[in-house]
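Just so you know, my numbering puts the end of the sequence shown at 481, numbered straight through with nothing missing.
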Amino acid sequence: MTNVSVPQKLLVPNGKSQAPAAPSAPDARAKQVLKEAVDAVVNSFAKHTQGYGRVFLEAVVGYIFEMTQPPVINNLKELLEPALEPGTQVLGHQTTFLTAPGDNYGSTMLALTVDVISAATNKPEQLQLVGKMRPTSEEFLEIFQIDVTFVKEAAVYSQIVPAMLSLQKELAFPEEELIDVFCRCYSTRISLDPNNSKVDADGVMLFENLKPAGYVTEDRRVGFSRDLAEFILKKLSLFHAIPIALRYLKPDVFNTSILKFLVKIDIDAGLNEQTKERMMEVVRADFVKAGIQDDLSKRLLALIDDCRYQQANLISDDINQYCSMLHNDLWVNNMMIKYDENGKPAGLKFVDFQLIQMDSLVRDVLFFILTSVSDSKLENTIDNYFKVYFNSLLNDLTKLRCPNLDQFTFESFLDEINHVAPREFYHIVAMLRVVLAKKESIPEQSELDAQLFCNDDLVEDDYFGRLSLVVQIYEKKGWV
């Protein structure tokens, strides 16, 4: 078995996780009723057809049934038990899909209810976990370059998080100020075959299920309020600040525990030329539908061409004080919020670290604000969000004893934004179709492919309004 070990104690900055109450397991009676209904249809059809008709229908029904069932996690006991308290035994588990179609494209997300017996109490308990596996779509396996991105995410929990926490603890940060945007990861593997270096159908990461602990994912089509966005930006600043401090204070640790996993990839490399051209045709048409003038549209398309060139040639941003580890996919669905009894945000977790890379932190800030913040006056208030983030970043770097604080001024930060924003335009525009896709129009998980992103039936007025707003901001700021 090929495993990536995860030090349990280092991955639980807030102490041990209690096993929350389990949701109800899949209803066996419902499954039996479904099977009986399928048999009835097959038998009825068979009465009016020759034998091959029954064989054909059984094959079709069997395929549909298989495509709607979650993948099997083999050898869960061997994977999970080493991460639990000594002597705890895994007895069995039930699995269902965790996310709806359209909420996660780059992987298959499963909810697990795991039955265990604790050695301490000798009583049965249940653990609520999340299993993250590679996507079932062959096309998405290529698009998301799973053999690279899966390893990146596993490294976040096994290497990067421990290095970040170690620096904070060495600097005597109080417990409540330790970075806490990472959920607990129990274990990961890329395959059951120890000689396999590729992520196969048995590759899986096991995380704590945040939903029973009170964390929720906000509606991607609504986005975050101003107060919530500022809360997130302050958490994001620490996520960026610690790698910056490590780069200056402990370069060897930074290089071996963080930088080696921040390899830049071209996310479009898995797309064929026909799909790439189709996507550009859609962008051109969307500019027209959004009411963007022809001369501005031409400049925007030229900007996108430049973005795609830099992406295809893996051209990184200039290495300066604002370079850090990027999440690189920080939109609504990749964050989970916990609220207190007064409805105020009390906790935040970032998820989905498949695309981490080393680049200007401005990219994360811009991508988050322009894809996920719901502010009717954003065109005029965006600088306020920049100030909130920068002030928090400077405060974090001061606490981390970063040696070059004089280089971090709001003026230099705005210069960095003006320099990097044009390079982030394609990423933002391409993602808006995903963020604002109509949920009711997204096909079942088994049908997802790259053409989904070009389907005009999936977007409506809010998408074109948001696209127009992003363009207005870019034009007003002189980024295009």
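The beta-carbon is built from N, C-alpha and C at its ideal position, and this holds for glycine as well.
- The shortest C-alpha to C-alpha distance from E417 to any of V289, D319, C403 is the one to D319.
- Rounded to the nearest angstrom, the gap between the Cα atoms of C455 and K440 is 15 Å.
- For the set S119, S258, A438, L468, the Cα lying nearest the Cα of D220 is the one of A438.
- The C-beta separation of L470 from L379 comes to about 6 Å, placing the pair in contact by the 8 Å criterion.
- The beta carbon of L302 sits closer than 8 Å to the beta carbons of M281, V284, R285, F288 from its chain, once the five residues preceding and following it are set aside; these are given in chain order.
- The DSSP-derived three-state label of V374 is strand.
- Membership of K477 in the alpha helix (DSSP H) is indicated by the continuous run 462 to 478.
- In the structure shown, L272 falls within a coil segment according to DSSP collapsed to helix, strand and coil.
- By a beta-carbon distance limit of 8 Å, V182 contacts K350. Their separation comes to about 6 Å.
- If you look at I418, you'll find it isn't in any beta strand (DSSP E); it sits in the alpha helix (DSSP H) that goes 411 to 436.
- Between the stretch 132 to 139 and the stretch 239 to 255 there are fewer than three C-beta pairs closer than 8 Å, too few to call the two in contact.
- Closest in alpha carbon position to K212, among C324, V389, C184, is C184.
- Taking C-beta atoms as the reference points, L315 and F368 fail to come closer than 8 Å.
- If you draw a straight line from the Cα of S298 to the Cα of E209, it is about 45 Å long.
- Membership of E209 in the beta strand (DSSP E) is indicated by the continuous run 205 to 209.
- If you compare the alpha carbons of S325, K133, D116, E82 with that of P71, the shortest gap goes to K133.
- Residue burial is scored here from C-beta neighbours: K153 has at least 16 other C-beta atoms within 10 angstroms and is therefore classed as buried.
- Less than 8 Å separates the beta-carbon of A246 from that of L398.
- Per DSSP, Q90 is one residue of the beta strand (DSSP E) stretching across 90 to 98.
- Taking the CA atoms as reference points, P83 sits about 12 Å from L207.
- Between the alpha carbons of V157 and N123 lies a distance of about 34 Å.
- Relative to E231, the option among L459, L77, I383 whose CA is nearest is I383.
- Residue environment for Q275: exposed (fewer than 16 other C-beta atoms within 10 angstroms of its C-beta).
- Taken atom to atom, the span from the alpha-carbon of Y386 to that of V91 is near 47 Å.
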